[in-house]
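The sequence shown runs 9 to 184 under this note's numbering.
Think of the CB as a built atom: it goes at the ideal place given N, C-alpha and C, for glycine as much as any other residue.
Predicted, not measured: the structure shown is a model, and the values here were computed from it.
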Amino acid sequence: MGGFDEHVLHVDMDAFFVEVERLHDASLRGRPVVVGGTGPRGVVAAASYEARRHGVRSAMPMSLARRRCPGLVVVPPHRGRYVAAASEVFAILESFTPEVERISIDEAFLDVAGLRLRYPDAVVVAEEIRRRIRREVGLPASVGVASNRFVAKVASGRAKPDGLLVVARGSEEAFL
């Protein structure tokens, strides 16, 4: 490991919709929160890690989420907030490299091989990206670093929440 053998980053924002809502309402911090439909047929769009500990997941019927998690706070979605926050995050990513592939509103792949002359290795790039997103946008992000997209995506999932995981070239099979 080292240098740019591992040059693919997968950046995935943690509980993105919930964390954006927490920026607007500090009373939601540390509480089990979901963003989603509040009606009788509502569905969970995003769940905080506190809610996930009770078995609440995205795409779950809201009625089941409320049963599984006493004290669950349900916040209706505010799409404009998420789009604005995502724009800030992607501006940061694109300030590092034009090689950004947007996967969804809250995740992207980056190929940072072109940054060899500016950074000692891809891990330093990943750490700086996480730092800037936290400092400038106020949101946590998890990053997987690997030699290919598939492994980088799995690594970011295992790094959650708010972590960084590097899979060295040659150790992908053992990692998976």
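Run the CB neighbour count on residue i, radius 10 Å, all protein chains shown included, and call it buried at 16 or more, exposed below.
i       : result
Ser-150 : buried
Ser-56  : buried
Gly-44  : buried
Asp-20  : buried
Phe-158 : exposed
Ala-67  : exposed
Leu-4   : The first residue shown for the chain is 9 and the last is 184, placing residue 4 beyond what the model contains.
Val-132 : exposed
His-18  : buried
Lys-30  : The question names Lys, but residue 30 in the sequence shown is Arg. With 16 or more other Cβ atoms within 10 Å, it is buried.
So, residue i versus residue j, is the Cβ gap smaller than 9 Å?
i       : j       : result
Ala-93  : Val-16  : no
Ala-54  : Val-97  : no
Leu-118 : Ile-141 : no
Leu-172 : Ala-134 : yes
Arg-166 : Gly-152 : yes
Gly-88  : Cys-77  : no
Glu-107 : Gly-122 : yes
May I ask you to list the residues that DSSP assigns as paired with residue i?
i       : result
Pro-69  : Val-51
His-18  : Phe-117, Gly-152
Leu-173 : Gly-152
Ser-112 : Glu-115
Val-145 : According to DSSP, which records beta bridges pairwise, Val-145 is partnered with nothing at all.
Using a Cβ-Cβ cut-off of 8 Å (strictly less than) and excluding sequence neighbours within five positions of residue i, which residues of its own chain qualify?
i       : result
Pro-169 : Asp-22, Ala-23, Tyr-57, Pro-148, Ser-150
Ile-113 : Phe-24, Tyr-90, Val-91, Ala-94
Pro-48  : Ser-71
Val-51  : Gly-44, Gly-45, Ala-67, Met-68, Pro-69, Met-70
Thr-105 : Leu-118, Asp-119, Val-120, Gly-122, Leu-123
Glu-180 : Ala-154, Ser-155, Asn-156, Val-159
Please work out which residues of its chain come closer than 6 Å, Cβ to Cβ, to residue i, disregarding the five sequence neighbours upstream and downstream, and give them in chain order.
i       : result
Ala-154 : Glu-14, Val-16, Ala-160, Ala-163, Val-175
Check whether the Cβ of residue i lies closer than 9 Å to any Cβ atom in chain C.
i      : result
Val-16 : Looking for chain C here will not work: only one protein chain is present.
Is any non-hydrogen atom of the ligand NAP found closer than 8 Å to the C-beta of residue i, if you look at the structure I gave you?
i       : result
Val-174 : This structure lacks the ligand NAP; in fact it carries no ligand of any kind.
For residue i, which residues of its own chain have a beta-carbon under 7 Å away from its beta-carbon, when the five flanking residues on both sides are left out?
i       : result
Ala-182 : none
Asn-156 : Val-16
The segment 78–85 touching the segment 22–39, judged by at least three CB pairs closer than 8 Å: The segment 78–85, when compared against the segment 22–39, does touch it at the 8 Å Cβ threshold.
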